[in-house]
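Enquirer:
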Amino acid sequence: MKKFFLIALILLTFETILFGINIFINIYDNSLIINKDIFPIEGKPIPFRGSIKFYFKGINLPNADIPSNLLVLEDGQTIGVNGTIKVPNEVFLKLLDMYQANLIDHVIIDYYPIEIYQDKIIVKDYTERKKVKEYLDIFLDTYEIPNVNILYGEYDITPEPPKIKLTTFIFPDYGYYNVRIEDRSKVSVKTYVNGIISASYGTLEPGTYTFFISAIDELGLESTLTKNLFVPKSEINFKSEFYELGSLTKFGILNFVGNRNFYELSTKISTITNVIVKDTTKPTINVTYENLFNGYYSINVKVKDNSSVNLKMILNNREIESGIINLDKEDNTLIVYAEDGFSNISVFFKKFKINKLVKPGLNFFDRKKWINIGGIMIQSPYIFTWINSEKKRWINGNETDFITIHP
Numbered sequence: 032m033k034k035f036f037l038i039a040l041i042l043l044t045f046e047t048i049l050f051g052i053n054i055f056i057n058i059y060d061n062s063l064i065i066n067k068d069i070f071p072i073e074g075k076p077i078p079f080r081g082s083i084k085f086y087f088k089g090i091n092l093p094n095a096d097i098p099s100n101l102l103v104l105e106d107g108q109t110i111g112v113n114g115t116i117k118v119p120n121e122v123f124l125k126l127l128d129m130y131q132a133n134l135i136d137h138v139i140i141d142y143y144p145i146e147i148y149q150d151k152i153i154v155k156d157y158t159e160r161k162k163v164k165e166y167l168d169i170f171l172d173t174y175e176i177p178n179v180n181i182l183y184g185e186y187d188i189t190p191e192p193p194k195i196k197l198t199t200f201i202f203p204d205y206g207y208y209n210v211r212i213e214d215r216s217k218v219s220v221k222t223y224v225n226g227i228i229s230a231s232y233g234t235l236e237p238g239t240y241t242f243f244i245s246a247i248d249e250l251g252l253e254s255t256l257t258k259n260l261f262v263p264k265s266e267i268n269f270k271s272e273f274y275e276l277g278s279l280t281k282f283g284i285l286n287f288v289g290n291r292n293f294y295e296l297s298t299k300i301s302t303i304t305n306v307i308v309k310d311t312t313k314p315t316i317n318v319t320y321e322n323l324f325n326g327y328y329s330i331n332v333k334v335k336d337n338s339s340v341n342l343k344m345i346l347n348n349r350e351i352e353s354g355i356i357n358l359d360k361e362d363n364t365l366i367v368y369a370e371d372g373f374s375n376i377s378v379f380f381k382k383f384k385i386n387k388l389v390k391p392g393l394n395f396f397d398r399k400k401w402i403n404i405g406g407i408m409i410q411s412p413y414i415f416t417w418i419n420s421e422k423k424r425w426i427n428g429n430e431t432d433f434i435t436i437h438p
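Next up, the structure:
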């Protein structure tokens, strides 16, 4: 066992000959980390960042309660078999040998809720990026984590070079470029336009351009991109076109009224079309009416137009609305007036005659009488008739027992 620790100490000495190492204690899982090796501990460590103050060597006296060998930290916490931070004896001996050889820089006690896998990590609690990075640096030589202040959850840590995306737009006599970098870590970007270092975005005058872009992330992974761009001095044509509202054109459905410019851009010849849209279409009026009963009619008006419409319904010189109307005249006149927002007017005119429904009546006599209906004689003490209130349809013979009904 001593030979094993001696060999390990020799190897560790070569690794740390230029500078010491930090000893980490993770409160999250009660572990002690020495140069990537993890050992279990017991106790309740308190967060601390500092050095080992001194080594306390215990004294074996009979019947005396004297602490055993301990490494005492600057804040009073102790590391040992029976310290406030309890470690196995072989771990303590390894720490003691390193301390006596001046191979320990600091002892860092902190909360690192992080699980490391082959190509990913899982951060179990909200943790600052610098703390995650500090913990990963213990075990990993290369990795990549998002460039955000707080991390929580699962992250792919496989290092990848930055991705460079150059977006360009070409207009008549005008160009534009924008450099965008995709990477999980911090990136240093340099953009050269025709050999001159430039901003990551800007405008371009007509001419020929060569872009060279270099991106290096914090791991030293580099990507480059070279691209040539030509911004032509273009010819621009202007023209005007007139359309009706709602027309389907190469510019789409024209659902506006007034002037708008439409641009057809190319690297050589571009066209700017001033589209003028007017609404000259009159509203379409559709009127439906239905005889319901006893002089009640259902009158409904629907208007179709590309814009809002002012609608008026006039029946017998009286303004009405769609719905059920009681008509008390035989001759009726309906006028519907519709005007859209562009002074296009439509008028609907309709005259219609209605027949008044007769009212039922029941008459009783003091005795049976003969009733003559169109030559058919019926004898009855009563008569049930439909009588128009405005016309006399039957005649009662008071002096005889005969009643003649005239059509």
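Note that the numbering used here has the sequence shown beginning at 32, numbered continuously upward.
Here a beta-carbon is modelled for each residue, glycine too, at the ideal position from N, C-alpha and C.
Computed from a predicted structure; not experimentally measured.
1) May I ask you to report which of helix, strand or coil DSSP gives asparagine 290?
2) Starting from the C-beta of leucine 167, find all residues in its chain whose C-beta is less than 6 Å away, skip the five residues before and the five after it, and write them out in chain order.
3) Verify whether the separation of the beta carbon atoms of histidine 137 and arginine 211 is less than 9 Å.
4) By alpha-carbon positions, which one of Val334, Thr257, Lys221, Asp248 ends up nearest to tyrosine 240?
5) Determine, using beta carbons only, whether phenylalanine 273 and isoleucine 303 come nearer to each other than 9 Å.
6) Would you check if there are 3 or more beta carbon pairs closer than 8 Å linking the region 146-164 to the region 116-125?
7) Can you list, in chain order, the residues of its chain with a C-beta nearer than 6 Å to that of aspartate 248? Leave out the 5 residues immediately preceding and following it.
8) Counting along the chain, where does the alpha helix (DSSP H) carrying isoleucine 160 start and finish?
9) Comparing C-alpha positions only, which one of Asp106, Lys360, Ile409 sits nearest to proline 76?
10) Candidates Lys161, Ile195, Asp172: which alpha carbon is nearest asparagine 180's?
11) What is the rounded straight-line gap between the Cα of asparagine 337 and the Cα of glycine 277?
12) Got a sec? Which residues, its chain only, sit under 6 Å from serine 229 by beta carbon, not counting five neighbours each side?
13) Can you give the Cα-Cα distance for serine 254 and asparagine 113, rounded to whole angstroms?
14) Report the CB separation of leucine 346 from valine 332 in whole angstroms; it is logged as a contact under 8 Å.
15) Using CA coordinates, which residue listed in Glu350, Gly89, Val334 is at the minimum distance from threonine 3?
16) Please return the same chain residues whose Cβ sits closer than 7 Å to the Cβ of proline 237, not counting the five positions on each side in sequence.
17) Where are the beta strand (DSSP E) runs, 3 residues long or more, that stay fully inside the region 260-338, in chain order?
18) Is the beta carbon of aspartate 362 closer than 9 Å to that of lysine 384?
19) Could you check where the alpha helix (DSSP H) with phenylalanine 123 kicks off and where it finishes?
Expert: This is what the structure holds:
1) Of the three classes helix, strand and coil, the one that applies to asparagine 290 here is strand, per DSSP.
2) Tyr174
3) Arginine 211 sits away from histidine 137, with the two beta carbons spaced by 9 Å or more.
4) Thr257
5) The Cβ atoms of phenylalanine 273 and isoleucine 303 lie no closer than 9 Å to each other.
6) no
7) Pro193, Asp214, Ser216, Val218
8) Contrary to the premise, residue 160 reads as arginine rather than isoleucine in this sequence. First-last of the alpha helix (DSSP H) with arginine 160: 160-170.
9) Asp106
10) Lys161
11) 7 Å
12) Thr222
13) 54 Å
14) At roughly 11 Å, the Cβ-Cβ gap does not stay under 8 Å, so leucine 346 and valine 332 are not in contact.
15) Since the first residue shown for the chain is 32 and the last is 438, residue 3 is missing from the structure and cannot be characterised.
16) Asp204, Val262, Pro263, Lys264
17) 266-275, 289-295, 300-309, 315-324, 327-335
18) yes
19) 120-131
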